[in-house]
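Student: Below is one structure. I have some questions about it.
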């Protein structure tokens, strides 16, 4: 089975929700998600973030939906790492 | 449960309390907090700090309150790392 | 037996399929393929990618076919690592 | 208990006592202190030092007193690392 | 016995055979050869490669012959690592 | 007991004794001294060296004497690392 | 006993003997010598090399003789590492 193990997104978000709330919202989408966020730029209304998500089997759809629901947008998918593994492991 | 594991803040603080007292005050807010402080700039009245806090489960609210109580302010939240883990671990 | 262990390709692809779908398609070509993708440049219609594939025994032909089938093209093969190993290992 | 584990000081000192005597004097203030000194600049009468002290539980007061007693002064506290640990460890 | 363990060559080769075929041809010259190839430059007719070969006991002669046979030429031997070891090991 | 564990000296020396003889002379001053020498500059009559000495308990006095006896001079003590340890260890 | 463990030489050599023959000749001078050679510059008649030799107990004399015998010359001794160890180890 091919699973997504790592994802780096370039995200533009409003100041609210703040960085921590934003990460927590995303982390709770998967049982082992580790979400790291770096603020690259900030202006009056928005923040440009580099967002990295790691997990055993990341599901991108709900992540994109949550990002949109929080008023942010994915500028680009910068890195992706997938792995094909035997199903029972 | 989603917990905050690492936090990097850009902080502006007055010279008093000094860096050590400032860190100790923050470290005692959590039973395993490791607080690292780098002084990035200094002028007559203030210091610009990079402050990193690590712990198993960091609670941002009391940290922000303590920073404010010491007359300092959080310029920006630069990095955040959260992890979703099973509750009993 | 000489097998290909690692491959780095410079690839030009249209925006669709997106980076994740593109990687998953390639990863399922081998039972242990690990596919990492970095987006180096992006313009209106295309993305320039660095694509790295790792595995115990990579078969380049089906990878090239899949890349072409998805409307992308291999700009260059940038790195190759092969290993000669005893057959029973 | 919150303890200081690491301290980096920017220090201005006269040529005497020399770097080794200076470090030894500071190291004997704690039972496990490791003191590293880098000379960053030197002019006719003074040396600018980066001084790093590591230990299980560093006590800053006596360090500052010893530095002053040797005719040197702490330019700035550049880095501080504190840790909150259970008392019995 | 003195054996060659690592070799880095700067090689100019035509586009055919391609990088993978070129590496496989070289790797099969020794029972444990690991061949890594980086394309440094490319023009219309040729590629400039950095070629690294690792193995327990590399034999340079056949490597040079194979390179010539494939229409490429060794620009320079950039790195060499040899080791003197007891014969029975 | 506070002991010197590491010392980096900036040394000016004549061409004779040469670098190896110079290092050996210093290494034999302590039962476990490891002496590393980098030649930073060289002119007609002298060499500027970075000299690093490591050991369990380095004694600086005899090192300085040996350096002087070989016609060289310590330009500066660039780094010093001392450790306070229990006496019986 | 003080022994030489590592040696870095800046060497000027003619094109013949080539880099591999040159290294092999030097490696066979000690039972465990590891000789690494990097070509730093090359002109019509000569190569400038960085040559690193590692071993448990390197003997510089025969190395210098072999270098001279092969028509090359030691430009400079760039790094030296010696260690004082108990004789029976």
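Protein chains in written order, with the numbering used here: chain A, 126 to 214; chain B, 126 to 214; chain C, 126 to 214; chain D, 126 to 214; chain E, 126 to 214; chain F, 126 to 214; chain G, 126 to 214. For every residue, glycine included, the Cβ atom is placed at its ideal position computed from N, Cα and C. All figures in this text were calculated on a predicted structure; none of them were measured in a lab.
(1) Within a Cβ cutoff of 8 Å, which residues of the same chain sit near residue 212/G, ignoring the five residues on either side of it in sequence?
(2) Helix, strand or coil: which one does DSSP assign to residue 186/F?
(3) Strictly under 8 Å for the Cβ-Cβ distance: is residue 152/B near chain D by that measure?
(4) If I follow the unbroken alpha helix (DSSP H) through residue 154/G, where does it start and stop?
(5) Would you call the region 140-153 of chain C and the region 158-178 of chain E touching, i.e. three or more CB-CB distances under 8 Å?
(6) Let's test the definition: count the other Cβ atoms within 10 Å of the Cβ of residue 155/D and tell me whether it reaches 16, buried, or not, exposed.
(7) Find the residues of chain D that neighbour residue 204/F, judging by a C-beta separation of less than 8 Å, and give them in chain order.
(8) For residue 132/E, list the residues DSSP reports as bridge partners.
(9) Is it the case that the Cβ atoms of residue 151/F and residue 160/F are separated by a distance below 8 Å?
(10) Please compile the residues from chain G whose C-beta is within a distance smaller than 9 Å of the C-beta of residue 185/F.
(11) Could you list which residues in chain F have their beta carbon closer than 7 Å to that of residue 182/G, in chain order?
(12) Output the distance between the C-alpha atoms of residue 153/G and residue 178/G, rounded to the nearest integer angstrom.
(13) Using the Cα positions of residue 136/C and residue 170/E, report the straight-line distance between them to the nearest angstrom.
(14) Give the interface partners of residue 198/A over in chain C, defined as CB-CB distance under 8 Å, in chain order.
(15) Taking just the CA atoms, how far does residue 181/D sit from residue 214/D?
(16) At a CB distance below 7 Å, what residues from the region 136-148 of chain D approach chain B? Give them in sequence order.
(17) Quick one: what's residue 172/D bridged to in DSSP?
(18) Sorted by chain position, which residues of the same chain lie with C-beta nearer than 6 Å to residue 185/B's C-beta, five sequence neighbours on each side aside?
(19) Using DSSP bridges, identify the partner residues of residue 162/E.
(20) Closest by CA to residue 200/D, which one among 129/D, 134/D, 145/D?
(21) Cβ atoms of residue 130/A and residue 188/A: under 8 Å apart, would you say?
(22) State the CB to CB distance for the pair residue 148/B and residue 202/D, rounded to an integer number of angstroms; the pair is presumed to be in contact (CB under 8 Å).
(23) Would you say residue 208/D faces chain B, with C-beta separation under 8 Å as the test?
(24) Answer with buried or exposed for residue 197/C, where buried requires no fewer than 16 other C-beta atoms within 10 angstroms of its C-beta.
(25) Could you name the residues of chain F that residue 129/G contacts, counting a contact when the two beta carbons are closer than 9 Å?
(26) Count the other CB atoms within 10 Å of the CB of residue 132/A; is the residue buried (16 or more) or exposed (fewer)?
Tutor: Short version:
(1) 126
(2) helix
(3) yes
(4) Neither: residue 154/G is in no alpha helix (DSSP H) and is coded neither H nor E.
(5) no
(6) buried
(7) 161, 162, 163, 164
(8) 178/E, 205/E
(9) yes
(10) Chain G residues near residue 185/F: none, gap ~16 Å exceeds 9 Å.
(11) Within 7 Å Cβ-Cβ: nothing; residue 182/G doesn't reach chain F, min ~12 Å.
(12) 12 Å
(13) 20 Å
(14) Those do not exist, as residue 198/A stays about 15 Å from chain C at its closest Cβ, beyond 8 Å.
(15) Confidence at residue 214/D is low in this model, with a pLDDT of 48, below 50, so its placement is unreliable and no value can be given for it.
(16) none
(17) 138/D, 167/D
(18) none
(19) 205/C, 176/E
(20) 134/D
(21) no
(22) About 10 Å; that fails the 8 Å criterion.
(23) yes
(24) buried
(25) 145, 148, 149
(26) buried
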